[in-house]
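Participant:
Chains as they are written, first to last, in my numbering: chain A, 3 to 369; chain B, 662 to 1030.
#1: For residue 140 of chain A, collect the residues of the same chain with a Cβ closer than 7 Å to its Cβ; drop the 5 residues on either side in sequence, then sort them by chain order.
#2: If we define contact as Cβ-Cβ less than 9 Å, is residue 921 of chain B a contact residue for chain A?
#3: Checking contacts by CB at 9 Å: is residue 715 of chain B closer than that to chain A?
#4: Given this structure, state the Cα-to-Cα distance separating residue 834 of chain B from residue 708 of chain B, to the nearest angstrom.
#5: To which residues of the same chain is residue 112 of chain A closer than 6 Å at the C-beta, ignoring the five residues directly before and after it?
#6: Does any CB atom of chain B fall closer than 9 Å to the CB of residue 341 of chain A?
#7: Cβ of residue 304 of chain A less than 9 Å from any chain B Cβ?
#8: Contact criterion: CB-CB distance below 9 Å. Does residue 101 of chain A meet it with respect to chain B?
#9: For the stretch 967-986 of chain B, which residues have a CB atom closer than 7 Å to at least one CB atom of chain A, in sequence order?
#10: Scan the stretch 6-39 of chain A and note each continuous beta strand (DSSP E) run of 3 residues or more that stays entirely inside, going in chain order.
#11: Among residues of its own chain, excluding the 5 on either side of residue 957 of chain B, which ones have a beta-carbon nearer than 7 Å to its beta-carbon?
#12: So within the stretch 988-1017 of chain B, which uninterrupted alpha helix (DSSP H) runs reach at least 4 residues, ignoring any that extend past its ends?
#13: Can you check whether the CB of residue 125 of chain A is closer than 9 Å to the CB of residue 820 of chain B?
#14: Name the chain A residues that come within less than 9 Å of residue 718 of chain B, Cβ to Cβ?
#15: Closest to residue 88 of chain A by C-alpha separation, out of A:273, A:267, A:184 and A:326, would be which residue?
#16: So with CB distances below 8 Å, who are the chain A contacts of residue 959 of chain B?
#17: Use the C-beta contact count for residue 699 of chain B: other C-beta atoms within 10 angstroms, 16 or more gives buried, fewer gives exposed.
#18: Rounding to the nearest angstrom, what Cα-Cα distance links residue 180 of chain A and residue 980 of chain B in this structure?
#19: Between the stretch 154-173 of chain A and the stretch 220-234 of chain A, are three or more C-beta pairs nearer than 8 Å?
#20: Taking C-beta pairs closer than 7 Å, name the residues in chain B that residue 123 of chain A reaches, listed in chain order.
#21: What would DSSP say about residue 363 of chain A, mapped onto helix, strand or coil?
#22: Check whether the stretch 240-249 of chain A and the stretch 214-223 of chain A are in contact - that is, three or more C-beta pairs closer than 8 Å.
#23: Just how far apart, CA to CA, sit residue 357 of chain A and residue 14 of chain A?
#24: Check whether the stretch 926-933 of chain B touches the stretch 847-856 of chain B, taking contact to mean three or more Cβ pairs, one atom from each stretch, closer than 8 Å.
#25: Count the other CB atoms within 10 Å of the CB of residue 952 of chain B; is the residue buried (16 or more) or exposed (fewer)?
#26: Are the stretch 894-901 of chain B and the stretch 841-851 of chain B in contact at 8 Å, needing three or more beta carbon pairs?
#27: Using a Cβ-Cβ cutoff of less than 6 Å, which residues in the same chain neighbour residue 104 of chain A once the five nearest sequence positions on both sides are dropped?
#28: Taking the C-alpha atoms as reference points, what is the distance between residue 315 of chain A and residue 909 of chain B?
#29: Kindly indicate which residue of A:164, A:176 and A:214 has the alpha-carbon position closest to the one of residue 281 of chain A.
#30: Counting contacts by CB-CB distance shorter than 9 Å, is residue 19 of chain A in contact with chain B?
#31: For residue 319 of chain A, which beta-bridge partners are listed by DSSP?
#32: Taking 9 Å as the threshold (C-beta atoms), are residue 790 of chain B and residue 772 of chain B in contact?
#33: Give the straight-line distance between the Cα atoms of residue 79 of chain A and residue 328 of chain A, rounded to the nearest whole angstrom.
#34: Check whether chain B comes within 9 Å of residue 42 of chain A, counting only Cβ atoms and requiring the distance to be less than that.
#35: Can you confirm whether the stretch 21-34 of chain A touches the stretch 337-353 of chain A when touching is taken to mean that 3 or more C-beta pairs between the two stretches lie within less than 8 Å?
#36: Give the C-beta separation of residue 859 of chain B and residue 839 of chain B to the nearest angstrom, bearing in mind that I take them to be a contact with Cβ-Cβ under 8 Å.
See below:
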């Protein structure tokens, strides 16, 4: 006699330890197996795109900090690059190098958080997170030196950066660059050959190459699926064409590959940091830009390789002091659209780690 | 004869018969309860401090020397919390569940010998009693999951039943290996038989029992029923106040009970040179608990099907082979060479573990069990 069973609907989030913010999933479960998942977003919606239309171009920089608050520096960078493209501003050499240094530090910090919390979702009880926070803390201390803030930096300006680095910054950064490869090896030692980690992540949550391209995924999620697409290489912005670095890519597109790609990218970022420090020129850190910027009427799309993927800003100017339209292309929201295809048929525990491996931050998804 | 029986005989010389029975029983209960609760407090502190060290932070260090009073503060906080019962939950089952979880764990300590004679009841079926009693708390966990009327708790409860039933088998089979060598089920007799600690004589049995015990006490990497990153807190998600404290006590009581049993079965109980017996026993408990905390702070969690596959496809066959190997040794190996089985069993354990790690993988990807 077969027992009569029926699927249950389980609400995961918005208050749940593994939803990385206030994400909510309406999951239909058949026992432990996920039958259907319906993401519900918007719990952190602040209307940033509309708010920005009533503020000047400079006032909008702090708003971008509040998008992906684990990678504020790169959000700043993407926005100011778009404004500079719109207004045709030339940035001094030193400022370009400083921007690259900050962006790569931000990438390391963001990936540390991503990998750490991914392991936390796997059940490794805070230990990897705390080890990775040890290094993230050093990066944040460096950011605090240059701009006084530890989470929302507001450091980039149209035409450069807000202030020059203090003299104790470079020695501290050099020490960090020298130490970091050793730390990454330490994580590898703890994690890479771990039987349980391999069993939990290999082959789990495969995002196929075709699907990844079709949904316009970007960042480590796309590269883990075997597409070597990195905007730093494919469409170089700022001065990225002067640096020597590799674009790591996975093969299978499973959770393990997404984890590996992030670890590899941290190593590449350390390489870029080393080159940038060696070549850092002197001079001005900010171009002469009018207090109230009035870009000529027109539209522009500026994009960068943020830690989580292609972060783009689409700006329309009507020659006033505020943007007429301010649109953000959030990489995480677009990566998240593949969630259902990846999790259906897997168990609840897999749902959590697949979601974790996408590395989302709700500040950017909800805007 | 246990110390309590000595006390009874001594009292019987002066007091009426009933008092000579009641007083030793009360003394025994108070001492054992005191031992369990004190040790639970110590273990909570010990685990927090250890986790702090493993996670490059300090751990609690403010309240008292080295933060030793922190668990007391936690206990006080938990006691003062409001007791919440879900309005659609089953009130009686919800109320009863913590008791059903906690009481069997306390009962285990009745047969744990702290040192020679210091045991509440030296049952001649001691280890059998432990196995029987400890599986009762599964019912309590299931009651908690069902009575809470919460889907997370229900998933945890269903996982519990599967997990506990599966891991009971390898645990019992590895105990049987010990029992075969000793020829008695009494805990005291098992300790006294260990001129060489059984961890050396039966390394494979120890590993199987240890992993099974970790799974039984729901510790990482087998902590699926309270997997905080998936089903938040599992079966005790709807509990607060004193009822939650009972689960908390139960969890650490379980860990303490299994540490005691491992120390008794495999590490020679209270036996050891120089130090007094009870100190040796405590040192062994702490050493075992250290390994448990170490695993907790290092390893990720298994998935449900991998957990079951590990019990049925790896631990159970190895436990059966181990049992037959031990039986053959007891039959045919000469008793005059006590170190011969040590060498033989280490060889068997090594071969089997290597073989299984080749034959059997936890299985990444989609594995249906």
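Virtual Cβ for every residue (Gly too), placed ideally from N, Cα, C.
Source: prediction; values computed, not measured.
Facilitator: In brief:
#1: Here residue 140 of chain A corresponds to residue number 138 of the first chain, with the count starting at 1. Here the set comprises 178.
#2: What you label residue 921 of chain B is simply residue 260 of the second chain in a count that begins at 1. Residue 921 of chain B does not count as touching chain A.
#3: One-based indexing of the second chain puts residue 715 of chain B at position 54. Yes, because at least one Cβ of chain A sits closer than 9 Å to the Cβ of residue 715 of chain B.
#4: Within the second chain, the letter at position 173 stands for residue 834 of chain B. Within the second chain, the letter at position 47 stands for residue 708 of chain B. Each residue's Cα considered, the two are about 30 Å apart.
#5: Counted from its first residue, the first chain places residue 112 of chain A at position 110. Correct list, in chain order: 72, 73 and 309.
#6: As a working note, residue 341 of chain A is residue 339 in the first chain. Taking Cβ atoms only, chain B never reaches closer than 9 Å to residue 341 of chain A, which makes this a no.
#7: Locating residue 304 of chain A in the first chain gives position 302, where the first residue counts as 1. Not an interface residue.
#8: Walking along the first chain from the start, residue 101 of chain A turns up at place 99. So, not an interface residue.
#9: 967
#10: 10-14 and 26-32
#11: In the second chain, the residue the question calls residue 957 of chain B occupies position 296. Result list for residue 957 of chain B: 880 and 881, in chain order.
#12: none
#13: Your numbering for residue 820 of chain B matches position 159 in the second chain. Your numbering for residue 125 of chain A matches position 123 in the first chain. It is not a contact, given that the beta carbons lie outside the stated cut-off.
#14: The sequence position of residue 718 of chain B within the second chain is 57, counting from 1. Residues of chain A passing the Cβ test: 132.
#15: Along the first chain, one-based indexing puts residue 88 of chain A at 86. Ranking A:273, A:267, A:184 and A:326 by Cα distance to residue 88 of chain A puts A:326 first.
#16: Taking the second chain and counting its residues from 1, the one referred to as residue 959 of chain B is at position 298. By Cβ distance, chain A contributes 126, 129 and 192.
#17: Your numbering for residue 699 of chain B matches position 38 in the second chain. Burial call: exposed.
#18: Residue numbering aside, residue 180 of chain A sits at position 178 when the first chain is read from its first letter. Residue numbering aside, residue 980 of chain B sits at position 319 when the second chain is read from its first letter. Those two C-alpha atoms are separated by around 49 Å.
#19: no
#20: If you number the first chain from 1, residue 123 of chain A lands on position 121. Here the neighbours are 890.
#21: For the purposes of this step, residue 363 of chain A is identified with residue 361 of the first chain, where counting begins at 1. Reduced to three states, the DSSP call for residue 363 of chain A is coil.
#22: no
#23: For the purposes of this step, residue 357 of chain A is taken as residue 355 along the first chain, with counting starting at 1. For the purposes of this step, residue 14 of chain A is taken as residue 12 along the first chain, with counting starting at 1. Answer to the nearest angstrom: the Cα atoms are 12 Å apart.
#24: yes
#25: Here residue 952 of chain B corresponds to residue number 291 of the second chain, with the count starting at 1. Exposed: under 16 other Cβ atoms inside 10 Å.
#26: no
#27: What you label residue 104 of chain A is simply residue 102 of the first chain in a count that begins at 1. Answer for residue 104 of chain A: 75, listed in chain order.
#28: Counting from one through the first chain, the residue named residue 315 of chain A turns up at place 313. Counting from one through the second chain, the residue named residue 909 of chain B turns up at place 248. Whole-angstrom Cα-Cα distance: 51 Å.
#29: For the purposes of this step, residue 281 of chain A is taken as the residue at position 279 of the first chain. Here the closest residue by C-alpha is A:176.
#30: Stepping through the first chain from its first residue, residue 19 of chain A is reached at position 17. Chain B, which has a Cβ nearer than 9 Å to the Cβ of residue 19 of chain A, makes this yes.
#31: On the first chain, residue 319 of chain A is found 317 positions in, with the first residue counted as 1. DSSP lists A:300 as partners of residue 319 of chain A.
#32: Here residue 772 of chain B refers to the residue found at position 111 of the second chain. Here residue 790 of chain B refers to the residue found at position 129 of the second chain. Yes.
#33: The residue given as residue 79 of chain A occupies position 77 in the first chain. The residue given as residue 328 of chain A occupies position 326 in the first chain. Their backbone Cα atoms lie some 15 Å apart in a straight line.
#34: Locating residue 42 of chain A in the first chain gives position 40, counting from the first residue. Not an interface residue.
#35: yes
#36: Residue 859 of chain B sits at position 198 when you count from the first residue of the second chain. Residue 839 of chain B sits at position 178 when you count from the first residue of the second chain. 6 Å between Cβ atoms; contact.
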